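Visitor: If you scroll down you'll find the structure; I have some questions about it.
Number of protein chains: 2
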Amino acid sequence: MAWSEDHKQRSREKILTTAAGLFARQGFDNVSIDQVMQAAGMTRGAFYAHFSSKTDLYAEAILYAANTAAESYLPQGQATDQQREAFIAAYLSEAHCQGADIPCPLAFLVSDMAHQDEGVRSTWSQVFQGLVKRLQNNTGEGSAAQAEEQQAALQKVVMMIGGVAVARALNDNALATEVLEACRAGALSTPPIHLSEE
Amino acid sequence: MAWSEDHKQRSREKILTTAAGLFARQGFDNVSIDQVMQAAGMTRGAFYAHFSSKTDLYAEAILYAANTAAESYLPQGQATDQQREAFIAAYLSEAHCQGADIPCPLAFLVSDMAHQDEGVRSTWSQVFQGLVKRLQNNTGEGSAAQAEEQQAALQKVVMMIGGVAVARALNDNALATEVLEACRAGALSTPPIHLSEE
DNA sequence: GTCTATATCAGGATAGAC
DNA sequence: GTCTATCCTGATATAGAC
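One line per chain: the protein sequences are A and B, in this order.
Reminder that position 128 of the first sequence reads as 128 in the UniProt record's numbering, one-by-one numbering, no gaps.
Reminder that position 154 of the second sequence reads as 154 in the UniProt record's numbering, one-by-one numbering, no gaps.
Here it is, written out as structure tokens:
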């Protein structure tokens, strides 16, 4: 049944891309299974042939969005400084903020995670750690240098996620733009902040 | 009818404190009017004598939380550097992250704002701008210095809001602690980041 | 695997008694 | 102003036909 299997796989992917976009833009509670399936060109009943529950879909969609984004924005393996900077600028762009393509679930769904079950939260956390790892320079040798690298990467990631989340929340477009600019400046400077509490 | 008026005012405040805590910790959609009113010691029907809708309560609760927090944590008017730093450290503490007192709606509800109506979003935005203003040093005279002050304040606020939101989202407690530490370091350095794109 | 139909339930909002 | 009782809608999940 090669055809049938292929068909199922295509349906599943269609549901995932649709759900990833809708969840990111509207949040978990404001998206219904009906809405997802209709946008994917199917009806509600077909849903449970692919996913066991709405929560299950949520976790899968977050992972799917992360994988898709990583694939197209950052090359696998080690990235150059230039590639990293381009990625940061794109992340903190107004286009991303307004929900272009499949928006990043890290920024769009941060404060939604606290209410979700273990499966969803652990998926989100893994995606977060993946991003942190990708933003590290890995130039330092000693463990002290590594710790500083880690701290700098965490600060960058928080500024990226926080910047997009805040800009998206704000009512005032001009201020939102200003926030994005400030965060680009903050996250692009390398190393952005030098200060350990030793 | 002094007694009656006073009674109503007390009920209203009881509803507001209860709602502010519940909304921040559980999000708008995961809190029911029933839940709020029961926790406040009343029943559902009494709700509409105080607020016109759940959304109305949401906006009022955000404002109430902000005013309450501002009152107890930061003195009105100009703050000293030391007071500002204590505030930043308390904001990025694990106690705040875990929902002590009435948590800050800015951090706990960031990614919820995008789905809310104008009234709620504008309330949130006003609270945000209030925090930005409080964190500015106001030492500079020229407009260029002012712009840098503004940028630095925005970076700090994003790191505070983003740090708490991310730490709260994470599944991994050790990593969450690390995030908070990194953000404290980042937000406490003054000026944290020097870079304008001129 | 996908459809239509339906059981079931939670939650927002209103009506009317006290 | 607060209570109980009720209406109504929207949404998850399941059952059974094709």
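Ideal Cβ positions, reconstructed from N, Cα and C, are used throughout, including at glycine.
Everything numeric in this text was worked out from a predicted model, so none of it was measured.
Determine the contact status of A165/B and F108/B, defining contact as a CB-CB distance below 9 Å.
Guide: Yes, Cβ-Cβ distance for A165/B and F108/B is below 9 Å.
Visitor: A145/B to V31/B, Cα distance in whole Å?
Guide: So the alpha carbons of these two residues sit roughly 44 Å apart.
Visitor: Keeping to the same chain, check which residues put their C-beta closer than 7 Å to that of R84/A; ignore five residues upstream and five downstream.
Guide: Excluding positions up to five away in sequence, the list reads L135.
Visitor: List the residues of chain B whose Cβ lies closer than 7 Å to the Cβ of D29/A, in chain order.
Guide: Chain B residues near D29/A: D29.
Visitor: Under 7 Å Cβ-Cβ, which residues of chain A neighbour E71/B?
Guide: Those do not exist, as E71/B stays about 23 Å from chain A at its closest Cβ, beyond 7 Å.
Visitor: Under the three-state reduction of DSSP, which class applies to D29/A: helix, strand or coil?
Guide: Reduced to three states, the DSSP call for D29/A is coil.
Visitor: Take Q150/B and list the residues in its own chain whose beta-carbon comes closer than 8 Å to its own, dropping the five residues that flank it on each side.
Guide: V132 and Q136.
Visitor: What is the rounded straight-line gap between the Cα of F28/B and the Cα of G21/B?
Guide: Straight-line Cα distance between these residues: approximately 11 Å.
Visitor: Secondary structure at L74/B, three-state DSSP: helix, strand or coil?
Guide: L74/B falls in the coil class under three-state DSSP.
Visitor: Where does P103/B fall in DSSP's three states?
Guide: Correct three-state label for P103/B: coil.
Visitor: Within 10 Å of its beta-carbon, does A46/B have 16 or more other beta-carbons around it, so buried, or fewer, so exposed?
Guide: Result: exposed.
Visitor: According to DSSP, is M42/A helix, strand or coil?
Guide: It is coil, neither helix nor strand.
Visitor: In terms of residue numbering, what span does the alpha helix (DSSP H) encompassing E118/B cover?
Guide: Start and end: E118 to L135.
Visitor: Whole angstroms is fine: what's the gap from E197/A's alpha carbon to S72/B's?
Guide: Residue confidence is low: E197/A scores 41 on pLDDT, short of 50, so the model does not pin down where it sits. No coordinate-derived value is stated.
Visitor: Does the region 48-68 of chain B come close enough to the region 113-128 of chain B to have 3 or more Cβ pairs within less than 8 Å?
Guide: Taking 8 Å as the limit for Cβ pairs, the verdict is that the region 113-128 of chain B does touch the region 48-68 of chain B.
Visitor: Please work out which residues of its chain come closer than 7 Å, Cβ to Cβ, to A2/B, disregarding the five sequence neighbours upstream and downstream, and give them in chain order.
Guide: Summary for A2/B: the model assigns pLDDT 47, below 50, so the residue's position carries little reliability, and this model does not support an answer.
Visitor: Should the region 155-175 of chain B be called in touch with the region 97-113 of chain B, which here means at least 3 C-beta pairs below 8 Å?
Guide: Because the criterion of three Cβ pairs below 8 Å is met, the region 155-175 of chain B and the region 97-113 of chain B touch.
Visitor: Could you check the C-alpha separation between S143/A and S189/A for me, to the nearest Å?
Guide: Each residue's alpha carbon lies about 22 Å from the other.
Visitor: When every heavy atom of the ligand MN is checked, does at least one fall within less than 8 Å of the C-beta of A174/B?
Guide: This structure lacks the ligand MN, and indeed carries no ligand of any kind.
Visitor: May I ask which residues mark the beginning and end of the alpha helix (DSSP H) holding V110/A?
Guide: Where V110/A is concerned, there is no enclosing alpha helix (DSSP H), given that its DSSP letter is neither H nor E.
Visitor: The alpha helix (DSSP H) with Y91/B in it runs from where to where?
Guide: Where Y91/B is concerned, the enclosing alpha helix (DSSP H) stretches over D81 to Y91.
Visitor: For T55/A, collect the residues of the same chain with a Cβ closer than 8 Å to its Cβ; drop the 5 residues on either side in sequence, then sort them by chain order.
Guide: Counting only Cβ-Cβ distances below 8 Å, and skipping sequence neighbours, we find Q116, D117, G119 and V120.
Visitor: If you reduce the DSSP assignment to three classes, tell me which class N67/A lands in.
Guide: Helix.
Visitor: So with Cβ pairs under 9 Å, would you call Q151/A a contact of chain B?
Guide: Yes, Q151/A lies at the interface with chain B (some Cβ there is under 9 Å from its Cβ).
Visitor: At 7 Å on the CB atoms, spell out the chain A contacts of D172/B, in chain order.
Guide: The contacting residues are S125.
Visitor: Can you find a C-beta in chain B that's less than 9 Å from the C-beta of I122/A?
Guide: The identity of residue 122/A in the sequence shown is Ser, whereas the question assumes Ile. For S122/A, the answer is yes, since a Cβ of chain B falls inside 9 Å of its Cβ.
Visitor: Is the Cβ-Cβ distance between A185/B and Q155/A less than 9 Å?
Guide: Contact flag set, yes.
Visitor: State buried or exposed for H7/A, treating a residue as buried only when at least 16 other CB atoms are found within 10 Å of its CB.
Guide: Result: exposed.
Visitor: Name the two residues that bound the continuous alpha helix (DSSP H) containing H96/B.
Guide: Unbroken alpha helix (DSSP H) run through H96/B: E94 to C97.
Visitor: By a C-beta neighbour count over all protein chains shown, 10 Å radius and 16 as the cutoff for buried, is P75/B buried or exposed?
Guide: When all chains shown are included, P75/B counts as exposed.
Visitor: In chain order, what residues of the same chain lie with their CB nearer than 6 Å to the CB of A24/B, ignoring the 5 residues before and after it?
Guide: Closer than 6 Å at the Cβ level, and outside the excluded window around A24/B, lie P103, P105 and F108.
Visitor: Would a check of beta-carbon distances place A165/B closer than 9 Å to chain A?
Guide: So, interface residue.
Visitor: Applying a beta-carbon distance threshold of less than 7 Å, which residues of chain A neighbour E178/B?
Guide: Residues of chain A passing the Cβ test: L154.
Visitor: To the nearest angstrom, how far is it from the Cα of C97/B to the Cα of V179/B?
Guide: Taking the straight line from one Cα to the other gives about 11 Å.
Visitor: Does the beta-carbon distance from H169/A to V158/B come in below 9 Å?
Guide: Reading the sequence as shown, one finds Ala at residue 169/A and not His. No.
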